[in-house]
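*Asks:*
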(Lines of atoms letter the chains of each structure in order from A and count residues from 1; the text may use other names and numbers.)
(Lines give C-alpha, C1' and ligand atoms only; values in the text may rest on other atoms or scores of the structure.)
Protein backbone atom coordinates (compact mmCIF):
# COMPACT_ATOMS: atom_id res chain seq x y z
CA UNK A 1 0.00 0.00 0.00
CA UNK A 2 1.15 3.52 -0.79
CA UNK A 3 -0.21 6.93 0.12
CA UNK A 4 0.38 9.87 -2.20
CA UNK A 5 -0.45 13.27 -0.78
CA UNK A 6 -0.98 15.62 -3.71
CA UNK A 7 -0.01 19.01 -2.29
CA UNK A 8 -1.24 20.81 -5.39
CA UNK A 9 -3.48 19.90 -8.27
CA UNK A 10 -1.84 21.95 -10.98
CA UNK A 11 0.56 20.71 -12.11
CA UNK A 12 -0.62 17.31 -10.93
CA UNK A 13 1.92 14.51 -10.42
CA UNK A 14 0.34 12.18 -13.00
CA UNK A 15 3.57 10.22 -13.40
CA UNK A 16 3.76 9.57 -9.65
CA UNK A 17 0.13 8.43 -9.49
CA UNK A 18 0.59 6.19 -12.56
CA UNK A 19 3.75 4.66 -11.06
CA UNK A 20 1.90 3.90 -7.83
CA UNK A 21 -1.03 2.30 -9.67
CA UNK A 22 1.36 0.27 -11.81
CA UNK A 23 3.15 -0.92 -8.65
CA UNK A 24 0.10 -1.66 -6.48
CA UNK A 25 -2.66 -2.29 -9.04
CA UNK A 26 -5.07 -0.27 -6.95
CA UNK A 27 -6.36 3.29 -6.61
CA UNK A 28 -8.36 4.92 -3.82
CA UNK A 29 -8.90 8.66 -4.19
CA UNK A 30 -9.91 10.65 -1.11
CA UNK A 31 -10.91 14.31 -1.31
CA UNK A 32 -13.34 16.75 0.31
CA UNK A 33 -14.93 17.93 -2.93
CA UNK A 34 -18.21 16.49 -4.22
CA UNK A 35 -18.08 12.96 -5.56
CA UNK A 36 -19.71 13.97 -8.87
CA UNK A 37 -17.45 16.17 -10.97
CA UNK A 38 -14.77 16.43 -8.28
CA UNK A 39 -11.04 16.08 -8.88
CA UNK A 40 -11.25 12.37 -7.96
CA UNK A 41 -13.17 11.78 -11.20
CA UNK A 42 -10.32 13.39 -13.10
CA UNK A 43 -7.71 11.24 -11.35
CA UNK A 44 -9.60 8.03 -12.12
CA UNK A 45 -10.19 9.10 -15.75
CA UNK A 46 -6.53 9.97 -16.26
CA UNK A 47 -5.28 6.74 -14.70
CA UNK A 48 -7.57 4.53 -16.77
CA UNK A 49 -6.18 6.07 -19.95
CA UNK A 50 -2.48 5.92 -19.00
CA UNK A 51 -0.82 2.89 -20.58
CA UNK A 52 1.31 2.08 -17.52
CA UNK A 53 -1.56 2.42 -15.06
CA UNK A 54 -4.68 1.59 -17.07
CA UNK A 55 -3.68 -2.04 -17.66
CA UNK A 56 -2.47 -2.56 -14.08
CA UNK A 57 -5.75 -2.32 -12.15
CA UNK A 58 -6.44 -5.39 -10.00
CA UNK A 59 -9.71 -3.89 -8.73
CA UNK A 60 -11.99 -1.00 -9.70
CA UNK A 61 -10.76 2.46 -8.62
CA UNK A 62 -12.55 3.86 -5.58
CA UNK A 63 -13.48 7.49 -4.88
CA UNK A 64 -14.21 8.64 -1.33
CA UNK A 65 -15.62 12.16 -1.34
CA UNK A 66 -18.20 14.55 0.05
CA UNK A 67 -21.80 13.62 -0.56
CA UNK A 68 -23.42 15.48 -3.47
CA UNK A 69 -25.16 18.04 -1.27
CA UNK A 70 -24.39 21.66 -0.38
CA UNK A 71 -21.89 22.04 2.46
CA UNK A 72 -23.75 23.28 5.57
CA UNK A 73 -22.37 26.24 7.51
CA UNK A 74 -22.75 24.55 10.90
CA UNK A 75 -19.56 22.56 11.69
CA UNK A 76 -21.48 19.53 13.06
CA UNK A 77 -23.52 19.33 9.86
CA UNK A 78 -20.46 19.94 7.70
CA UNK A 79 -18.76 16.90 9.22
CA UNK A 80 -21.89 14.87 8.47
CA UNK A 81 -21.44 15.32 4.70
CA UNK A 82 -17.66 14.90 4.61
CA UNK A 83 -16.13 11.43 4.25
CA UNK A 84 -15.26 9.75 7.53
CA UNK A 85 -12.80 7.03 8.53
CA UNK A 86 -15.30 4.21 8.05
CA UNK A 87 -15.93 5.31 4.43
CA UNK A 88 -12.20 5.43 3.77
CA UNK A 89 -11.65 1.99 5.29
CA UNK A 90 -14.57 0.53 3.30
CA UNK A 91 -13.07 1.86 0.07
CA UNK A 92 -9.66 0.43 0.95
CA UNK A 93 -11.21 -2.97 1.72
CA UNK A 94 -13.10 -2.93 -1.61
CA UNK A 95 -9.88 -2.07 -3.44
CA UNK A 96 -8.00 -4.88 -1.73
CA UNK A 97 -10.58 -7.58 -2.62
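In my numbering, the protein residues as written are 64 to 160. The beta carbon of each residue, even a glycine, is placed where N, CA and C say it ideally should be.
So the candidates are 136, 129, 83 and 70; which of them puts its Cα closest to the Cα of residue 101?
*Replies:* Out of 136, 129, 83 and 70, 129 has the C-alpha closest to the C-alpha of residue 101.
*Asks:* With DSSP as the reference, please indicate the residues paired to residue 149 in a beta bridge.
*Replies:* Note: residue 149 sits in no beta bridge, so no partner.
*Asks:* Which whole-angstrom value describes the C-beta separation of residue 144 and residue 124, a residue pair presumed to lie in contact below a C-beta threshold of 8 Å?
*Replies:* Not really, about 22 Å apart at Cβ, beyond 8 Å.
*Asks:* Kindly give me the distance between the Cβ atoms of residue 134 and residue 141, rounded to whole angstroms, as I take these residues to be in contact under 8 Å.
*Replies:* Going by Cβ atoms, the distance from residue 134 to residue 141 rounds to 6 Å, so yes, they are a contact pair.
*Asks:* For the segment 79–153, list the beta strand (DSSP E) runs that are entirely contained and at least 3 residues long, ordered along the chain.
*Replies:* Those beta strand (DSSP E) runs which fall completely within the segment 79–153 and span 3+ residues are 91–97 and 125–129.
*Asks:* Please classify residue 66 as buried or exposed, where buried requires at least 16 neighbouring CB atoms within 10 angstroms.
*Replies:* Exposed: under 16 other Cβ atoms inside 10 Å.
*Asks:* Just mark residue 159 as buried or exposed, buried being the case when its beta carbon has 16 or more other beta carbons within 10 Å.
*Replies:* Exposed, since its Cβ has fewer than 16 Cβ neighbours within 10 Å.
*Asks:* Assign residue 77 to one of three DSSP states: helix, strand, or coil.
*Replies:* In the structure shown, residue 77 sits in a helix (DSSP, three-state: H, G or I).
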